[in-house]
Amino acid sequence: MSDLEIARDGGVLTLTLNRPDRLNPLSMDMREGLIATLRAELMDPQARAIVLTGAGRGFCSGADLDLSTILARRGKVGRQMIAGINPITRLLREIPVPVIAAVNGPAAGVGFSLALSADLIVAARDASFQLTFARIGASPDGGALYMLARRIGEARTTRLAMLSQSLGAVEAEAIGLITELTESGAALPAAMALAHRLAAGATTSLAMIKRQVLAAGNSSLDDALRLETLCQDTAFNSEDFEEGVRAFSEKRKPVFKGR
């Protein structure tokens, strides 16, 4: 049984962290598998939407830590962890298709970072989010603070990080952290339904939207308008745009091919 399960259903790629007995701590095999799979998709896109989830009753309980190794090697271990985690964050953000996190339980430590790396978060009512780093004297990684502050602001981010407070899914929805709240056990089915809907959409258009949203927090209005022009030009030159216009004029539902 692999620590990372990879499945394809039409245009949807599902990546499942698969160590349910321990709530799916992020192992070296998982990190390497995620990096390899996402890099392959970036170089030769096959999927039109990606779902990231965890097996069993947890999303990801954090990094898979060996206490004796950490204490013996400290800084070196920290740098190795960063080197294994940061590429995943970058790839999930840069890959030009929608990424959906299906959070069915605890998302703690780097597990929270992984969820934040997704474009959309679907969470079950009994899911939770927690930056546990300060509890062991560590510093957050995986871009957690950068992404969380952009979503919910500096004040809430500082409180959650410094106090290692657990944030329930209901409150997470109320403050705009998650996209959709479901009943217990329904996060993955809801995320899959959303992924299939997006996979049937105009892939280039969705990629341009993702690119602009991610750039919005770090650019001036002039920069945003320039990027908007570039993205509009790219979308207008896609086959899906032509299909969308034809379908509109013919009063029918468009059939997008992701090109």
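Each residue of the sequence shown is one higher than the last, beginning at 28 in our numbering. Don't be surprised by glycine CBs; every beta carbon is placed ideally from N, CA and C.
- Query: Does the beta-carbon distance from Q204 to I179 come in below 8 angstroms?
  - Reply: The identity of residue 204 in the sequence shown is Leu, whereas the question assumes Gln. Their beta carbons are under 8 angstroms apart, which means L204 touches I179 by this criterion.
- Query: What are the partner residues of S88, as DSSP defines its beta bridges?
  - Reply: In the DSSP output, where bridge partners are listed per residue, S88 has none listed.
- Item | Residues bridged to R35 [DSSP beta-bridge criterion] | Per the DSSP secondary-structure output, R35 pairs in a beta bridge with L40.
- Item | Limits of the unbroken alpha helix (DSSP H) element including A296 | Look at the range of the chain in this structure, 28 to 286, and you will see that residue 296 is not part of it.
- Classification of I127 by the beta-carbon crowding that lies within 10 angstroms, buried from 16 upward: A buried status is given to I127, since no fewer than 16 other beta-carbon atoms sit within 10 Å of its beta-carbon.
- Message: Can you give me the C-alpha to C-alpha distance between S265 and R66, rounded to a whole angstrom?
- Response: In this structure, the alpha-carbon of S265 lies about 23 angstroms from that of R66.
- Three-state secondary structure (DSSP) at F283? Per DSSP, reduced to three states, the secondary structure at F283 is coil, with no helix or strand assignment.
- May I ask which residues mark the beginning and end of the alpha helix (DSSP H) holding G271? Annotation for G271: the continuous alpha helix (DSSP H) segment containing it runs E266 to S276.
- V124 and A142: beta carbons closer than 8 angstroms? No, the pair does not count as a contact, with Cβ atoms beyond the cut-off.
- Query: Just checking, does the region 68-78 make contact with the region 160-171 on the three C-beta pairs under 8 angstroms criterion?
  - Reply: Counting Cβ pairs under 8 angstroms, fewer than three are found: no touch.
- Quick check: the region 165-175 against the region 227-234, are there 3 or more CB pairs under 8 angstroms? With the cut-off at 8 angstroms, the region 165-175 and the region 227-234 do not touch.
- E181 to L53, Cα distance in whole Å? Taking the straight line joining both Cα atoms gives about 27 angstroms.
- Helix, strand or coil for T209 per DSSP? T209: strand per DSSP, three-state reduction.
- How about I112 and V149: do their beta carbons lie closer than 8 angstroms? It is not a contact, given that the beta carbons lie outside the stated cut-off.
- Start and end of the alpha helix (DSSP H) containing G60? Run containing G60: M55 to M70, per the alpha helix (DSSP H) assignment.
- Does S265 come within less than 8 angstroms of chain B when only Cβ atoms are used? This model lacks chain B altogether; it includes just one protein chain.
- Along the beta strand (DSSP E) that carries T80, what are the first and last residues, could you check? The continuous beta strand (DSSP E) containing T80 extends over residues A76 to G81.
- Message: Rounded to the nearest angstrom, what separates A135 and L31 at their Cα positions?
- Response: Roughly 18 angstroms between the two C-alpha positions.
- Item | Contacting residues, own chain, Cβ-Cβ under 6 angstroms from L118 (five flanking each side not counted) | Cβ neighbours of L118 beyond the five flanking positions: L65.
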